[in-house]
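**Q** Note that my numbering has the sequence shown beginning at 42, numbered continuously upward.
Cβ atoms here follow ideal geometry from the backbone N, Cα and C, with glycine treated the same way.
If you're wondering where the values come from, they're calculated on a predicted model, not measured in any experiment.
Mind having a look at this structure? Questions to follow.
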Amino acid sequence: AFHEACASLEVSGARIGVEGLRMRLLEARYLERYAPDVELVVADDMFGEIRMCKDNTELSAMRKAVAVAESAFLSWVKELRVGMTEREACARLVSSLLRGGADELAFEPIIAGGPNGGLPHAKPGERPFCTGDWVVVDWGAKVNGYASDLTRMLVFGQPSGDMMDIHAIVQAANQAGRDAVGPGVEAQNVDTAARAIIQQKGYGNNFTHRCGHGLGLETHEAPYIVQGNTLTLKPGMTFTVEPGIYIEGVGGIRIEDNVVVTPSGQETLTSLSRAPYVIG
Numbered sequence: 042a043f044h045e046a047c048a049s050l051e052v053s054g055a056r057i058g059v060e061g062l063r064m065r066l067l068e069a070r071y072l073e074r075y076a077p078d079v080e081l082v083v084a085d086d087m088f089g090e091i092r093m094c095k096d097n098t099e100l101s102a103m104r105k106a107v108a109v110a111e112s113a114f115l116s117w118v119k120e121l122r123v124g125m126t127e128r129e130a131c132a133r134l135v136s137s138l139l140r141g142g143a144d145e146l147a148f149e150p151i152i153a154g155g156p157n158g159g160l161p162h163a164k165p166g167e168r169p170f171c172t173g174d175w176v177v178v179d180w181g182a183k184v185n186g187y188a189s190d191l192t193r194m195l196v197f198g199q200p201s202g203d204m205m206d207i208h209a210i211v212q213a214a215n216q217a218g219r220d221a222v223g224p225g226v227e228a229q230n231v232d233t234a235a236r237a238i239i240q241q242k243g244y245g246n247n248f249t250h251r252c253g254h255g256l257g258l259e260t261h262e263a264p265y266i267v268q269g270n271t272l273t274l275k276p277g278m279t280f281t282v283e284p285g286i287y288i289e290g291v292g293g294i295r296i297e298d299n300v301v302v303t304p305s306g307q308e309t310l311t312s313l314s315r316a317p318y319v320i321g
């Protein structure tokens with residue numbers, strides 16, 4: 042197949058840009074064998090720039106990926122019970138996504154209950170859900186190659202106390218970040234807007250990651266919404282806004298939405314309620 046493709050495309054002697062993070066050594070060797078004098082050039086940055094601004098066809102796929110993820114989530118929460126483990130809940134969410142129209146998972150879901158939520162990237166384990174648990178749920182779907190990436194909070198029993206206050210802070214930070222999005226804005230300013238809300242409430246040291254990342258064919262791609270990134274946002278750029286507060290040994294709160302920059306500001310592609318989803 043490589044031999045036929047190289048002959049058909051007449052790539053012998055050509056200078057070919059490749060994604061270094063995607064191309065396997067085996068494929069590079071085949072190209073070198075069947076296309077004499079071919080020059081392979083790492084072009085990840087160039088591809089990243091090209092992919093940052095989505096056209097209407099791409100945005101349509103991303104809207105579908107969001108819709109599938111949201112519908113699957115709403116069906117899934119009805120199945121949850123005290124005593125169910127994170128791992129079982131994850132399996133049920135994966136099933137709901139695939140039955141609901143996802144071509145594949147955007148990534149392995151994060152389901153972290155109670156103190157496990159204090160780890161931003163915890164893996165689902167054998168810990169059972171308990172009454173009073175706050176649970177971080179981070180999930181997404183891929184449709185026609187394009188990804189969605191959402192985070193919402195569950196609580197087993199009626200929410201109250203410090204975690205409810207922290208949830209309100211994170212929700213306000215999420216809103217501030219999304220409100221800061223628009224053409225001509227530096228990517229880092231979105232992070233700054235969300236982070237300022239959390240810092241003002243005394244939890245600055247508990248927001249331990251960037252505010253967001255680009256979204257499209259990859260779940261993590263440019264533009265990165267992080268301090269130091271002076272990239273100017275343009276219409277068609279799509280990314281997450283996902284501030285969080287994490288307290289070791291206690292738990293965490295994160296609320297993540299997907300946005301697209303528009304000529305006049307931004308459109309939030311995600312529509313699920315940002316309030317905690319009460320189980321039981």
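Would you mind reading off the limits of the beta strand (DSSP E) that contains Thr98?
**A** Not the beta strand (DSSP E): Thr98 falls in the alpha helix (DSSP H), residues 97-118.
**Q** Can you find at least 3 beta carbon pairs, one from the stretch 272-282 and one from the stretch 91-110, that sit closer than 8 angstroms?
**A** Yes: at least three Cβ pairs fall under 8 angstroms.
**Q** What residue from Ile288, Glu145, Arg63, Gly89 has the CA that sits closest to His208's CA?
**A** When each option's Cα is compared against that of His208, the closest is Ile288.
**Q** In three-state DSSP terms, what is Ile320?
**A** If DSSP states are grouped into helix, strand and coil, Ile320 belongs with the strands.
**Q** Can you give me the C-alpha to C-alpha distance between Phe88 and Glu60, rounded to a whole angstrom?
**A** Roughly 8 angstroms separates the two Cα atoms.
**Q** Using only the alpha-carbon positions, how far apart do Thr192 and Gly58 sit?
**A** When rounded, the distance between both Cα atoms is 35 angstroms.
**Q** Would you kindly check if the distance between the Cβ of Gly155 and the Cβ of Asp174 is under 8 angstroms?
**A** Result yes, Cβ atoms of Asp174 and Gly155 sit closer than 8 angstroms.
**Q** Mind the definition here: the stretch 183-197 touches the stretch 228-241 only if three or more C-beta pairs lie below 8 angstroms; say whether that holds.
**A** No, they do not touch.
**Q** Given a threshold of 16 other Cβ atoms within 10 Å of its Cβ, counted over all protein chains shown, does His44 qualify as buried or as exposed?
**A** So His44 counts as exposed.
**Q** State the DSSP-derived secondary structure class of Asp174, mapped to helix, strand or coil.
**A** DSSP places Asp174 in coil when its eight states are reduced to three.
**Q** Counting along the chain, where does the beta strand (DSSP E) carrying Gly253 start and finish?
**A** Per DSSP, Gly253 belongs to the beta strand (DSSP E) from 253-255.
**Q** Taking the C-alpha atoms as reference points, what is the distance between Val267 and Pro304?
**A** Spanning the two alpha carbons is a distance of roughly 22 angstroms.
**Q** Roughly how many angstroms separate the alpha carbons of Ala182 and Arg133, rounded to a whole number?
**A** Cα-Cα distance, rounded: 14 angstroms.
**Q** Report the option in Gly158, Val107, Arg251, Met205 whose CA atom is closest to the CA atom of Gly186.
**A** Checked all of Gly158, Val107, Arg251, Met205; the closest Cα to Gly186 is Val107.
**Q** Looking only at its own chain, which residues have a Cβ that is under 7 angstroms from the Cβ of Ile286, when we skip the five neighbours before and after it?
**A** Closer than 7 angstroms at the Cβ level, and outside the excluded window around Ile286, lie Ile207, Ile210, Val211, Ile239, Tyr244, Asn247, Phe248, Gly293, Ile294.
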